[in-house]
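Just so you know, the protein sequences line up as chains A and B, in that order. Heads up: the first sequence begins at 2 in my numbering, then just goes up one per residue. Heads up: the second sequence begins at 23 in my numbering, then just goes up one per residue. So the structure is just underneath, and the comments pick up after that.
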Amino acid sequence: MAEKKVRVLMAKPGLEGHWVGLLVVSRALRDAGFEVIYGANMTPAMIAKTAVQEDVDVVGLSILTANYMRLVSETLKELRNHGKGDVLVLLGGTIFEDDFPALKEMGVAGIFIPGTPLEDIVEFVRQQTSQVDKSTRPFGTLRAAQETS
Amino acid sequence: MMQSEEQHLSTSGIPIKEIYTPEDVKDISYDEDIGIAGEPPFTRGVYRSMYRGKLWTIRRLSGFNTPEDTNKLYRQEYELGQTGFSVAPDITTCVGMDCDDPRVSADVGHSGVPLCSIEDMETAFDGLPIEKVSTYLAEKHGIQTAMYFAMAEKRGIDIRELRGTTANCMLSWTVLNLPNQTPPQGYLRYAVDFIEWCSQFAPRWYPVSFDSYNTRDLGLNAYQELGMLFATAIAYIEEEKRRGRVPLDRFVRRFSFNTAAHNDLFEEIAKLRAARRMWYKIIRERYSIDDPRCAQFRVHVQSSGSTHTTQEPLNNLMRIAYQVLAGVLGGAQSIHANGYDEGVCLPTDQSMLLSIRTEQILQYETNVTNTIDPLGGSWYVERLTGELEQRAWEYIQKIEDMGGMAEAIGSGWVHNEYKNATIERARKAASGETPIVGVNKFRAEKEPYKVPIFRPDPQSPQIQIEKLKRLREKRDSAKVAEALQKLEEVTRSGENVMSATMEAVKAYATLGEIVNVQLKVYGQWPFPIVG
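This is the structure in C-alpha cells:
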C-alpha cells in the first residue's frame, strides 16, 4: 500500500506583500519530502476551502504584520467551519512572544519567528506528522494552489 | 610575505585583494573617471559643495493607524527637527482598496497610514507647513500625489512651488505580491504620464524615485541592484522617447533615486560612487542630453531591513549606524535610518527617536561631513567602484537583450532572479556561510532581553470605515461618477491621465474607485512567483 504523503498548505492570510518567508519555508518543507501546496495571499475562507479541496494535514500561515491575532483567529474559525479543525496549524512571521500563549490556546501548534533555523521547522513538522515512515517518504513536491473563487 | 590562502569576497561576490596599490588603478583616469564633485562624471558627488552646502535630509518613512494618529506623529517628527516627511501608506492603500472593501478589513492601518480620499490626506497634513517641507509619497500611479496636490490647491498654495518626491517606480512595486497591480505596461504608462505632467505643472517636484531598495532586500547583490535600477530608468526614458511629448532633457530633469545601504561598508560606498558615474554616462552618452543637472544621480538611501534581526534587536542599532555611514561616505542626499525594531514591529516612539538621533550624531559629532568624498582616491575604493560599474553594465545589457525592464518583469525573469536570490540567501544563512551575529553566530541560548513593542490600534479599521461612509453620503455622487467616467475615457484614449485623476480626487472619488478604473482598462497582473 502506498504511503500517504503529508500534505502542507502554505498561505498568507491578509493582503500584505512579503512573500520571502513563505517561499523559503515552502521550499525547505518540499526538500524534506513533504507535498507542499503554495497558496500565497488568500482570505481565511479561501485557506479553509483549499485545505479541504487539497485534503491537507498541515496549514502553514505566514504573517508579517501585527494583525495576526485577528487573521489567525478568523482562519482557525474557517477551518473548523469547513470540518478541517483537526489540521496542524503553524504560524511564521513577526509574532510577539507575549502573544504565544494566546495563539497556542487558540489552536496554533507551532510558532516560528524570523531567524528560526529552517531545519527546526522541518523537524517540528516531521515529529508532529510522524505516522509517515521516513524510509518510504516520496519525493517532495511544490505546486501552486488552484484558483478557488 | 605569505598571502592568506582563503579567498575574500565582497557581499556581491567580487574577489577582494589583501592589499591594493597604485597598480590597481592604473587604468582609471582622474580627470575622466573621477574629477571634482559637482562636475561630470559626478563620481565624487552631485553637488560642488556637498554636505558643506547642505546636510543630507533626514527622512523617515512613517505612518500608522489612522490619518489622525499619523498627523500627531508627523507633528512630533517636525518638532524633532526632521526636514522632510515620508508617507508610508498602509496595506489597503498599497493595494488600492478602500477601507470599507470587504477584502481588506484586518489590514487597515497596518504598516502605514490609510489614505482613501483627499480628506484622509488633509487630516494627515493638518497644521503642517507643506509649502516649507518636502514630502515623499511612497505610491505608484500618482493617485496619492493627486490628493496631495489638490490639498495644496485648496490651501491656496501654488503646486509649482511644492517640493517633494513621488516613488512612482515600477521596480519597487512589482517586487511585492499585492493584488490589484496593473501589468508592467500599465505601470510604465501611469509612471510616464505622471512625469510628463509634473514636468509641466510641478517643476520642483521629483516625479519619480527609481527605487532598488526592495530589489536589494530580496537578496540581489550590489551590481544587480544598480543594473535593475538603471534598466528601469532606461525603460521610462525609452517610453517617453517613443511618445515624443516632452523633450527628453525636461523629462529626466527631476529624476531621483532610492537605494538600499547594505552591510558591506566599502562596497556600498563604491556602489553609490559607481551609480553616479553610470547615470552620467546614460544621460550624456546614451541620450546625448547636455544639461548637466539631468545627469545628477540624486539619491535617498535606506538601511537594509533584510539585515536586521529579530533576535537581540538592539544589535540592529549598530548595523543601521554603519549602513547610514556608508550612505554618508557615499554622498547620499537623503537618508532613512530604520528603527532597530524593524524585524520585530513598526517602530516605537523610542526607536524612532533613536533613528533620527543616529543621523544627527553623524551630522554634528563625527566630522564625517568635513570633506567631500573622503574615500575618493583610495586604491581599493576606486578599483571596487570600477568593478561594480563594469558588472552593473553587463547586467543592464542582459535586461536590454530581453527587450527592456517591462518585458523582463512581464516574462517572469526578474522574479525568477528574486526567487533564486532569496533561496540562496536562506541557504547561506542556514549553512553559516553568511554570518549573522546573534542568529547563526554567537547565538544566545535564550533571548537575553526584550524590547518594547508597538501595537497598532485595533480600532483603526472601524474608525476609517465610518469616516468613509460619511464621505460617501455627503459627496455629490453624480459628480464622482462623471469624474470617474472621464478618467476612464482619458485612460483608454492614451492621453495623459493626471489632470483627470486630479479632478476625480477633487470630486472626492476614493482610491478604490480610481484604481478600479485602472484595472478595468489594464486588467490585473498575476504575480509571477507561485511556489
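Virtual Cβ for every residue (Gly too), placed ideally from N, Cα, C. Just so you know, these numbers come straight off a predicted model, no measurement behind them.
Nearest neighbour of residue i, chosen from the options [CA to CA]
i	options	result
valine 230 (chain B)	B:Ala189, B:Leu184 and B:Gly266	B:Ala189
lysine 528 (chain B)	B:Ala255, B:Ser499 and B:Val47	B:Ser499
leucine 62 (chain A)	A:Leu104, A:Gly141, A:Ser131 and A:Gln128	A:Leu104
phenylalanine 476 (chain B)	B:Lys39, B:Tyr52, B:Val68 and B:Asn87	B:Asn87
glutamine 203 (chain B)	B:Val552, B:Gly553, B:Gln546 and B:Ile551	B:Gln546
leucine 83 (chain B)	B:Pro89, B:Gln324, B:Gly67 and B:Leu493	B:Gln324
leucine 119 (chain A)	A:Lys6, A:Glu75, A:Pro14 and A:Ala33	A:Ala33
aspartate 58 (chain A)	A:Ile114, A:Arg144 and A:Ser131	A:Ser131
threonine 44 (chain A)	A:Pro115, A:Leu80 and A:Asp87	A:Leu80
proline 548 (chain B)	B:Arg405, B:Gly434, B:Phe171 and B:Tyr417	B:Gly434
Residues that residue i contacts on chain D, provided the C-beta gap is smaller than 9 Å
i	result
asparagine 82 (chain A)	Note that chain D does not occur in the displayed structure, where the protein chains are A and B.
Unbroken alpha helix (DSSP H) run spanning residue i, endpoints
i	result
phenylalanine 216 (chain B)	206 to 223
asparagine 438 (chain B)	435 to 453
glycine 538 (chain B)	According to the sequence displayed, residue 538 (chain B) carries asparagine and not glycine. Asparagine 538 (chain B) -> alpha helix (DSSP H) spans 533 to 544.
tyrosine 302 (chain B)	287 to 303
Terminal residues of the beta strand (DSSP E) in which residue i lies
i	result
histidine 322 (chain B)	321 to 325
aspartate 120 (chain B)	Where aspartate 120 (chain B) is concerned, there is no enclosing beta strand (DSSP E), given that its DSSP letter is neither H nor E.
valine 519 (chain B)	That residue, valine 519 (chain B), is in no beta strand (DSSP E); it is neither H nor E in DSSP.
methionine 43 (chain A)	36 to 43
proline 14 (chain A)	8 to 14
alanine 282 (chain B)	277 to 283
alanine 145 (chain A)	142 to 145
arginine 185 (chain B)	185 to 188
leucine 89 (chain A)	89 to 94
aspartate 233 (chain B)	230 to 233
Contact set for residue i: own chain, Cβ-Cβ below 7 Å, skip 5 residues either direction
i	result
histidine 19 (chain A)	Leu65
leucine 16 (chain A)	Asn42
serine 373 (chain B)	Gly361, Tyr362 and Asp363
glutamine 29 (chain B)	Pro37
Cα-Cα separation, residue i to residue j
i	j	result
threonine 370 (chain B)	lysine 472 (chain B)	13 Å
glycine 353 (chain B)	aspartate 395 (chain B)	7 Å
threonine 532 (chain B)	methionine 169 (chain B)	10 Å
leucine 397 (chain B)	valine 9 (chain A)	52 Å
histidine 358 (chain B)	glutamate 161 (chain B)	17 Å
serine 400 (chain B)	lysine 293 (chain B)	14 Å
leucine 24 (chain A)	glutamate 54 (chain B)	46 Å
arginine 447 (chain B)	glycine 241 (chain B)	6 Å
valine 197 (chain B)	asparagine 236 (chain B)	7 Å
lysine 85 (chain A)	alanine 145 (chain A)	20 Å
arginine 185 (chain B)	glutamate 153 (chain B)	7 Å
alanine 283 (chain B)	glutamate 381 (chain B)	14 Å
alanine 466 (chain B)	glycine 460 (chain B)	7 Å
histidine 437 (chain B)	arginine 177 (chain B)	43 Å
isoleucine 445 (chain B)	alanine 46 (chain A)	29 Å
glycine 164 (chain B)	glutamate 387 (chain B)	39 Å
Other residues of its chain near residue i: CB distance less than 8 Å, five sequence neighbours each side excluded
i	result
glycine 327 (chain B)	Asp239, Asn360, Glu364 and Gly365
leucine 210 (chain B)	Met192, Ala257, Tyr258, Glu261 and Ala428
proline 470 (chain B)	Glu334
lysine 491 (chain B)	Asp122
glycine 149 (chain B)	Asn93 and Arg97
leucine 102 (chain B)	Leu375 and Ile378
valine 280 (chain B)	The displayed chain sequence assigns asparagine, not valine, to residue 280 (chain B). If we look at asparagine 280 (chain B) and ignore the five residues flanking it on each side, its Cβ neighbours are Ala189, Cys191, Ser194, Ser231, Phe232, Asp233, Ser234, Tyr235, Val321, His322, Val323 and Gln324.
6 Å Cβ shell around residue i - same chain, five flanking residues per side excluded
i	result
isoleucine 113 (chain B)	Asp129, His132 and Ser133
asparagine 555 (chain B)	Past the boundaries of the shown model lies residue 555 (chain B); chain B is included only from 23 to 553, so the question cannot be answered.
arginine 295 (chain B)	Thr65 and Thr407
valine 274 (chain B)	Cys316
threonine 115 (chain B)	Pro136 and Leu137
alanine 29 (chain A)	Leu119 and Val123
methionine 24 (chain B)	Residue confidence for methionine 24 (chain B) is low, a pLDDT of 49 falling below 50, so the modelled location carries little weight and cannot support an answer.
**Request:** Could you please tell me which residues of the stretch 102 to 129 of chain B, in chain order, have their CB closer than 8 Å to any CB of chain A?
**Result:** Ile113, Thr114, Cys116, Val117, Met119, Arg125, Val126, Ala128 and Asp129
**Contact set between the stretch 13 to 36 of chain A and chain B, restricted to residues whose Cβ is under 7 Å from the partner** = Cβ contacts with chain B: Gly15, Leu16, Glu17, Gly18, Trp20, Val21, Leu24, Val25, Ser27 and Arg28.
**Request:** Check distances from the C-beta atoms of the stretch 109 to 135 of chain A to those of chain B and list, in chain order, the residues that come in under 8 Å.
**Result:** Ile114, Pro115, Gly116, Pro118, Leu119 and Glu120
**Item:** Residues in the stretch 430 to 452 of chain B having any Cβ partner in chain A nearer than 8 Å
**Value:** Lys441, Thr444, Ile445, Ala448 and Ala452
**Asked** Of all the residues that make up the stretch 62 to 77 of chain A, which are near chain B by a beta-carbon distance shorter than 7 Å?
**Response** Thr66, Ala67, Asn68, Arg71 and Leu72
**Asked** Taking Cβ-Cβ distances below 8 Å as the criterion, which residues of the stretch 474 to 496 of chain B are in contact with chain A?
**Response** So the list reads Ile475, Phe476, Arg477, Pro478 and Pro480, given in the order they occur along the chain.
**Asked** Taking Cβ-Cβ distances below 8 Å as the criterion, which residues of the stretch 361 to 376 of chain B are in contact with chain A?
**Response** Gly365, Val366, Cys367 and Leu368
**Prompt:** According to a CB-to-CB cut-off of less than 8 Å, which residues of the stretch 131 to 162 of chain B neighbour chain A?
**Reply:** Of all residues in the stretch 131 to 162 of chain B, His132 and Ser133 have a Cβ within less than 8 Å of some Cβ in chain A.
**Contact list for the stretch 43 to 61 of chain A against chain B, Cβ threshold 8 Å** = Thr44
**Request:** May I ask you to list, following chain order, the residues of the stretch 190 to 201 of chain B that have a beta carbon less than 7 Å from some beta carbon of chain A?
**Result:** Leu198, Asn199, Leu200 and Pro201
**Request:** Using a Cβ-Cβ cut-off of less than 7 Å, list which residues of the stretch 304 to 335 of chain B approach chain A; keep chain order.
**Result:** Thr331, Thr332 and Gln333
**Prompt:** Mind listing which residues of the stretch 457 to 471 of chain B have their C-beta closer than 7 Å to chain A's C-betas, in chain order?
**Reply:** Val461
**Asked** Taking a cut of 7 Å between CB atoms, which residues from the stretch 231 to 257 of chain B lie near chain A?
**Response** Leu240
**Asked** In chain order, what residues of the stretch 56 to 87 of chain B put their CB closer than 8 Å to some CB of chain A?
**Response** none
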